[in-house]
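If you're matching positions, the sequence shown starts at 883 in the numbering used here and goes up one per residue.
This report concerns only the one structure given below.
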Amino acid sequence: MAKVIQAIRGMNDILPEQTPAWLHIERIFQSLMQQYSYQHIRLPVVEKTELFKRSIGEVTDIVEKEMYTFDDRNGDSLTLRPEGTAGCVRAGIQNGLLHNQQHRLWYQGPMFRHERPQKGRYRQFHQLGVETFGLSGPDIDAELIAMSAQLWQKLRIDDHVELEINSLGTIECRALYRNELVEYFSEHQSQLDEDSQRRLHTNPLRILDSKNPDMQVLNENAPKLVEYLDTESRQHFEQLCHLLDCLGIKYRINPRLVRGLDYYSKTVFEWVTSSLGSQGTICAGGRFDGLVEQLGGKATPAMGFAIGLERLVLMLETVGVTPRDHQPHLYLVVGGDDCVAPAMKLAEELRQADEKLRIQMNCGGGSIKSQMKRADKSGANFAVILGDIELQNNSVAIKNLRAETEQRLIAQAELASWLIENIN
Ligand code: ATP
Ligand code: MG
């Protein structure tokens, strides 16, 4: 036998058993985007490597060790996108969407990072992302947070997530803070782990972001960025907190929330859960007012977030609210050969009668007994049997597969309205 070829480690097949949860989330997300009047954008999966180096930052986990980078046949260095913001900004600049305009955009799709695969962390994963451009106030920050809060409510996981927020201030006040931080960590250099040693002079803020438990205490006692905020950033942050209070959205100010990418300024936030082990962030975002200019466009304020779909799916599975809308309402059991065409016709008529009706027709023949087994396995509530006798008198037999009730006969013409009444 030929050798079986396996998928790449950390790049998963998403099987039919799992896709209902994916589709459920995607559908709810899309309708939410319509409700808030956000527009959809579709972007390439591959970009020039330079784009990510310049936007995400050279001294970040992503650029240092997680990117899938390769030379294409022309010798250009390309990278499978590790996130969506850089490409979205690139597209906005290139297509003249940003300058002096306001945009609220959303995207979705696969992202690629060479990380150690584990629960909630993969090498190909998927994000739902939102980016807004041309809006500089705390109102849009609050809108994005409120919108994500709505999503958790609609997915019925709102009891299992918490919001953390922080402000990173402007680049200028971050520079001041950076000096303080370097001084503090230098005094405790012997307690720094290897990554933090390396970051001490390249990107000391990232030390605060460390996931190493041994670094906890040191990080907790570090100087706090909120104390170094400039007036404008402080006001922006206070107004955001006020808006969240008014909207009844609970949050925790986490002074150590610095996010793993260089391009953020002012507001940053994460939605975290304790139900997924250490991969606890399901949504992360922030303001990136400097990025458009950094990538060659005219200065444009911007704010966005990204949701990790795999983690959200895991949450639905853990918290137990997975949808069942992939299962048919009705499984159509077909008698002899003469019944195939009329059964098919009936199935088509039912689907046309109401688009909510989910009908699976038995294909490939089989005895009534084996068809009834398939009907049960399909998850349908009802088996509808069209055999020779029913065919002769234009009726069908209905059997409830989930309750002990008598099988009953009804006219084919009445089946659609009977089903619509009985499916919920
Ligand atoms: P983490 O701290 O978990 O590594 P991150 O800060 O690198 O996350 P972002 O770049 O902010 O993540 O991406 C936004 C979201 O995408 C994360 O909050 C998470 O839900 C999801 N995500 C990031 N990396 C992965 C991955 N390798 N596998 C699955 N989901 C991921
Ligand atoms: Mg990461």
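Even for Gly, the Cβ is constructed at its ideal location relative to N, Cα and C.
Nothing here was measured: the structure is a model prediction, and the numbers come from that model.
Endpoints, alpha helix (DSSP H) assigned at residue i
{"i": "Lys1132", "result": "Looking at the DSSP string, Lys1132 is not in any alpha helix (DSSP H), and its letter there is neither H nor E."}
{"i": "Met1226", "result": "Val1222 to Ala1235"}
{"i": "Gln1274", "result": "Asp1270 to Gln1274"}
{"i": "Glu1175", "result": "Leu1173 to Gln1176"}
{"i": "Met1029", "result": "Pro1020 to Lys1036"}
{"i": "Lys1259", "result": "Ile1250 to Ser1260"}
Residue burial classification, residue i (beta-carbon count within 10 angstroms, cutoff 16)
{"i": "Gly957", "result": "exposed"}
{"i": "Gln1311", "result": "Residue 1311 lies beyond the range of the chain shown here (883 to 1306); nothing can be said about it."}
{"i": "Glu1054", "result": "exposed"}
{"i": "His1124", "result": "exposed"}
{"i": "Gly1178", "result": "exposed"}
{"i": "Cys1245", "result": "exposed"}
{"i": "Asp1091", "result": "buried"}
{"i": "Ala1223", "result": "exposed"}
{"i": "Met1243", "result": "buried"}
{"i": "Cys1128", "result": "exposed"}
{"i": "Arg1284", "result": "exposed"}
{"i": "Asn1048", "result": "buried"}
heavy atom of the ligand ATP below 7 Å from residue i C-beta
{"i": "Gly1190", "result": "yes"}
{"i": "Tyr950", "result": "no"}
{"i": "Gly1002", "result": "yes"}
{"i": "Arg1169", "result": "no"}
{"i": "Phe911", "result": "no"}
{"i": "Cys1165", "result": "yes"}
{"i": "Phe934", "result": "no"}
{"i": "Arg1193", "result": "yes"}
{"i": "Gln1015", "result": "Per the sequence shown, the amino acid found at residue 1015 is Phe instead of Gln. Flag unset: Cβ of Phe1015 not near the ligand ATP."}
{"i": "Gln1161", "result": "yes"}
{"i": "Glu965", "result": "yes"}
{"i": "Arg1088", "result": "no"}
Heavy atom of the ligand MG within 7 Å of residue i beta-carbon
{"i": "Asp852", "result": "With the chain covering only 883 through 1306, there is no way to say anything about residue 852."}
Residue i - containing beta strand (DSSP E), residue span
{"i": "Ala1166", "result": "Thr1163 to Arg1169"}
{"i": "Glu852", "result": "In the structure as shown, the chain begins at 883 and stops at 1306. Residue 852 is therefore absent and cannot be evaluated."}
{"i": "Ser1299", "result": "Note, Ser1299: premise wrong, no beta strand (DSSP E); alpha helix (DSSP H) at Gln1294 to Asn1304."}
{"i": "Ser1147", "result": "Ser1147 to Val1154"}
{"i": "Met1243", "result": "Ile1241 to Met1243"}
{"i": "Asn1263", "result": "First-last for Asn1263: undefined, no H or E at that position."}
{"i": "Ala1279", "result": "Ser1277 to Asn1282"}
Residue i beta carbon near the ligand SAH (any heavy atom closer than 7 Å)
{"i": "Cys1245", "result": "Among the ligands in the structure shown, the ligand SAH does not appear; only the ligand ATP and the ligand MG can be found there."}
Could you tell me which whole beta strand (DSSP E) segments of length 3 or greater appear in the region 968 to 1008? For the region 968 to 1008, the continuous beta strand (DSSP E) assignments of 3+ residues that do not extend past its boundaries occur at 985 to 994, in sequence order.
Beta strand (DSSP E) runs contained entirely in the region 903 to 967, provided each spans 3 or more residues: Within the region 903 to 967, the complete beta strand (DSSP E) runs of at least 3 residues are 928 to 930, 950 to 953 and 959 to 962.
Counting only runs of 4+ residues fully inside the region 1069 to 1112, write out the alpha helix (DSSP H) ranges in chain order. List check, alpha helix (DSSP H) in window: 1076 to 1084, 1087 to 1090 and 1098 to 1102.
Does the region 1200 to 1208 come close enough to the region 1262 to 1278 to have 3 or more Cβ pairs within less than 8 Å? When C-beta atoms of the region 1200 to 1208 are compared with those of the region 1262 to 1278, fewer than three pairs fall below 8 Å, so the two segments do not count as touching.
4-residue-minimum alpha helix (DSSP H) runs that sit fully inside the region 1179 to 1221, ordered along the chain: The DSSP assignment places complete alpha helix (DSSP H) segments of no fewer than 4 residues inside the region 1179 to 1221 at 1191 to 1201, in order along the chain.
Can you find at least 3 beta carbon pairs, one from the region 1007 to 1017 and one from the region 971 to 986, that sit closer than 8 Å? Cβ pair count under 8 Å is three or more, so yes.
Could you check whether the region 1180 to 1195 touches the region 901 to 909, counting it as contact only if at least three pairs of C-beta atoms, one from each stretch, sit closer than 8 Å? The region 901 to 909 and the region 1180 to 1195 touch, with three or more beta-carbon pairs separated by less than 8 Å.
Segment contact, 8 Å Cβ cut-off, at least three pairs: the region 1104 to 1113 with the region 1054 to 1074: The region 1104 to 1113 is in contact with the region 1054 to 1074.
Do the region 933 to 944 and the region 965 to 972 make contact, defined as three or more Cβ pairs closer than 8 Å? Yes: the two stretches touch, three or more of their Cβ pairs being nearer than 8 Å.
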